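A.B. asks:
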Amino acid sequence: MFGVLDRYIGKTIFNTIIMTLFMLVSLSGIIKFVDQLRKVGQGEYSALGAGVYTLLSVPKDIETFFPMAALLGALLGLGSWRRAANWW
Numbered sequence: 001m002f003g004v005l006d007r008y009i010g011k012t013i014f015n016t017i018i019m020t021l022f023m024l025v026s027l028s029g030i031i032k033f034v035d036q037l038r039k040v041g042q043g044e045y046s047a048l049g050a051g052v053y054t055l056l057s058v059p060k061d062i063e064t065f066f067p068m069a070a071l072l073g074a075l076l077g078l079g080s081w082r083r084a085a086n087w088w
C-alpha cells in the first residue's frame, strides 16, 4: 500500500509536527504559569492552584495550536529533507 519512501516522509512530518506542537504548548504553558504566579497570594490562590490551572489549560492549547503546528511541522520536516539532500 505505502512504499518505504512514503512511510519515511510521513514519519518525518509526523515527528516534526509533534515536536512543534510540544514547543508551542510548552511556551504557552510557561507564559500562563508566570502570569498566574502574579496572582498568588490574592485570597486563597496558591502556586499549586496556578500549576493546576496551567495543566488544565493544556488541552485547549493543543486544540488552538494544532493547525499552526501542522503547518510549521510539515514545512520544517520537508525543509530538513531538502537541507540533508535526501530529496531531489
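Last residue of the sequence shown: 88 (full-length UniProt numbering), numbering continuous. Ideal Cβ positions, reconstructed from N, Cα and C, are used throughout, including at glycine. Model, not experiment: these values are computed from the prediction.
#1: Take the Cβ of I30 as the centre, count every other Cβ of all protein chains shown within 10 Å, and call the residue buried at 16 or more, exposed below.
#2: Under 8 Å between the Cβ atoms of Q36 and T16?
#3: Among the candidates T64, I9 and G3, whose CA atom is the shortest distance from the CA of F22?
#4: Any idea if Q77 is buried or exposed, counting beta-carbon neighbours within 10 angstroms, 16 or more meaning buried?
C.D. replies: Inspection of the coordinates gives the following:
#1: In the sequence shown, counting from the first residue as 1, residue 30 sits at position 30. Under this definition I30 is an exposed residue.
#2: Mapped onto the sequence shown, residue 36 falls at position 36. Mapped onto the sequence shown, residue 16 falls at position 16. No. Outside cutoff.
#3: Taking the first residue of the sequence shown as position 1, residue 22 is located at position 22. Ranking the options by Cα distance to F22, first place goes to T64.
#4: Counting from 1 along the sequence shown, the entry for residue 77 is found at position 77. According to the sequence shown, residue 77 is Gly rather than Gln. It is buried - the Cβ of G77 has at least 16 other Cβ atoms within 10 Å.
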